Amino acid sequence: MKTKFKFTTATLKALPLNPVDSKATEREFSDTEVIGLKCLSGKTGTKKFLLRYQFNGRRKSIAIGRFPDVDLPMARQVARKYKNMIADGVDPRHERDNKHSVPTVAVFFFDTYLPLAKTKKSTWTDDLSRFKFHCGDIAKIPYDELSAHQILKIQLKMREGGKKRKVYAPATCNRVLALLKTMGKLAEQLLDITNVAARVSLLPVNNIRSRYCDLDETKRIITAANNFPCRSIGAYISLLFLTGCRCSELRLRKWDDVDLHNCLLKIPITKNKTSHIVYLSDFMVEIIRSIPKVVGNPYLFPGTKKALPITEPRCAFKIIKSQAGIPNPDDVVFHTARHSVASNFISHGVDLASVKSQLNHKSINSTMRYAKLSVGKQREVTASLSAMVQQLPALTVK
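Residues in the sequence shown are numbered from 1 upward in steps of one, following my numbering.
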């Protein structure tokens, strides 16, 4: 049988098997219409297309697909496309191999970004949640094919919401975009891929909370918390408003972290990757002593589940705020406690360095961000300047 002829679907179906005793694995047939297009017939009846070509003086081949999964017209179309690439000075096999070596966005996230984030970020679980919940539309796209428009669509989808989809705040959208920008920067460094996320702008954010509880409100919240039926929850909320600790750093403390004899609470690792010691007052020690220990549960604030701490007690906090008579209670969140501690300290003359130490801030700028003077203190400051001016000799206007 001739090995060179014009392929037709019928002749390809009728191609004989390669003899079992043949030294070659497959028998090769050549198309006379598209030069270089081959059909290889195996010993078990499998047939497949490939293109043989020369590039820079070297003989090469590239697979096209199995027949009849890839029919003859499609095989010729692909072969012609490859031949056009060769004419333009592009090696189709090299191009294909490079494309296959580029991971999808999801593969890059799970195989490269996330393992690296685990070694550097204590909040890597937040990155994992953001990617899973918001980046599904781009997960299967090869990273070098990702466009800025596709990333922008994620941002718009989060802001617009829809059926069974909530509308997310600008700050939440920005955190997802920041994740994609960081991933893109890493992909740019490792894979030489343009960081298209850098072309998408963050949304303007105006959700900085200026609300804090003054001393009277703080006292009412602590009183209501100390009277709350669940001592774990009540003590937790009281100590938030007394220590200024970050919520998770206090909630996840264990009895081993408490030294009641020396009045110390130790936080081994904080948000800024340092350890921190909270010096407990007698009142704080009294609150801690009121928490019943649970056998088999090592946590200072034991939850209802075995060997686990309490979860963030939002419903209980809502009840406590109501009992304390806090105005605009929705504006008072758990982090308001930290804000309130800093603001009350500074409003009552505690120096910034001491507040910085109490809150375990890396930078004094962070402390100043929390330091909001009360209305009364601001009036006192402006009144003091007026008093100083009034003590000066009378000024004559000419």
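By construction, the Cβ of each residue, glycine as well, lies at the ideal position given by its N, Cα and C atoms.
All values derive from a computational prediction rather than experimental measurement.
8 Å contact criterion, which residue i and residue j should meet: CB distance rounded
i: L215; j: N328; result: About 18 Å; that fails the 8 Å criterion.
i: L260; j: Y279; result: Not confirmed; about 12 Å, so no contact.
i: I237; j: V258; result: Going by Cβ atoms, the distance from I237 to V258 rounds to 17 Å, so no, they are not a contact pair.
i: I277; j: K293; result: I277 to K293, Cβ: 22 Å. No contact.
i: K4; j: S30; result: 5 Å
i: Y212; j: H361; result: No, Y212 and H361 are not in contact; Cβ-Cβ is about 16 Å, not under 8 Å.
i: I326; j: E217; result: 6 Å
i: G45; j: L72; result: Not really, about 17 Å apart at Cβ, beyond 8 Å.
Those residues which DSSP pairs with residue i across a bridge
i: E28; result: L40
i: T104; result: P142
i: Y279; result: L264
i: K254; result: Y299
i: G162; result: R165
i: F110; result: Bridge partners of F110: none, in fact.
C-alpha gap between residue i and residue j, whole angstroms
i: I86; j: A14; result: 31 Å
i: Q323; j: I233; result: 15 Å
i: K185; j: R130; result: 18 Å
i: L114; j: L128; result: 8 Å
i: L395; j: L203; result: Summary for L395: the model assigns pLDDT 46, below 50, so the residue's position carries little reliability, and this model does not support an answer.
i: L190; j: L152; result: 23 Å
i: K398; j: M368; result: Only weak support exists for where K398 lies, its pLDDT of 40 falling under 50; the value from the coordinates is given anyway. Using only the alpha carbons, I get a separation of about 43 Å.
i: C173; j: S201; result: 11 Å
i: C39; j: T104; result: 32 Å
i: A316; j: D97; result: 58 Å
i: A10; j: F67; result: 12 Å
i: E312; j: I141; result: 37 Å
i: M74; j: G161; result: 42 Å
i: M158; j: R175; result: 12 Å
i: A342; j: I310; result: 25 Å
i: K47; j: K181; result: 46 Å
i: E26; j: S41; result: 5 Å
i: P268; j: N262; result: 17 Å
i: R251; j: F110; result: 29 Å
i: N365; j: R165; result: 37 Å
i: D192; j: V70; result: 33 Å
Any chain B beta carbon closer than 9 Å to residue i
i: A178; result: No chain B is present in this structure, which holds just one protein chain.
Tell me, please, whether the segment 189-202 touches the segment 139-149 by the rule of three or more beta-carbon pairs shorter than 8 Å. yes
Alpha helix (DSSP H) runs wholly inside the segment 283-365, at least 4 long, in chain order: 314-324, 334-347 and 352-359
Can you list, in chain order, the stretches of the beta strand (DSSP E) that have 3 or more residues and sit fully within the segment 39-86? 47-55 and 58-67
May I ask you to verify whether the segment 304-321 touches the segment 217-231, counting CB pairs closer than 8 Å and requiring at least 3? yes
Below 8 Å, how does it come out for the segment 152-161 and the segment 103-120: are there three or more Cβ pairs, yes or no? no
State whether the segment 70-90 contacts the segment 48-61, with contact taken as three or more CB pairs (one from each stretch) at a distance under 8 Å. yes
With a floor of 4 residues, list each alpha helix (DSSP H) that falls wholly inside the segment 170-211, ordered by position along the chain. 170-191
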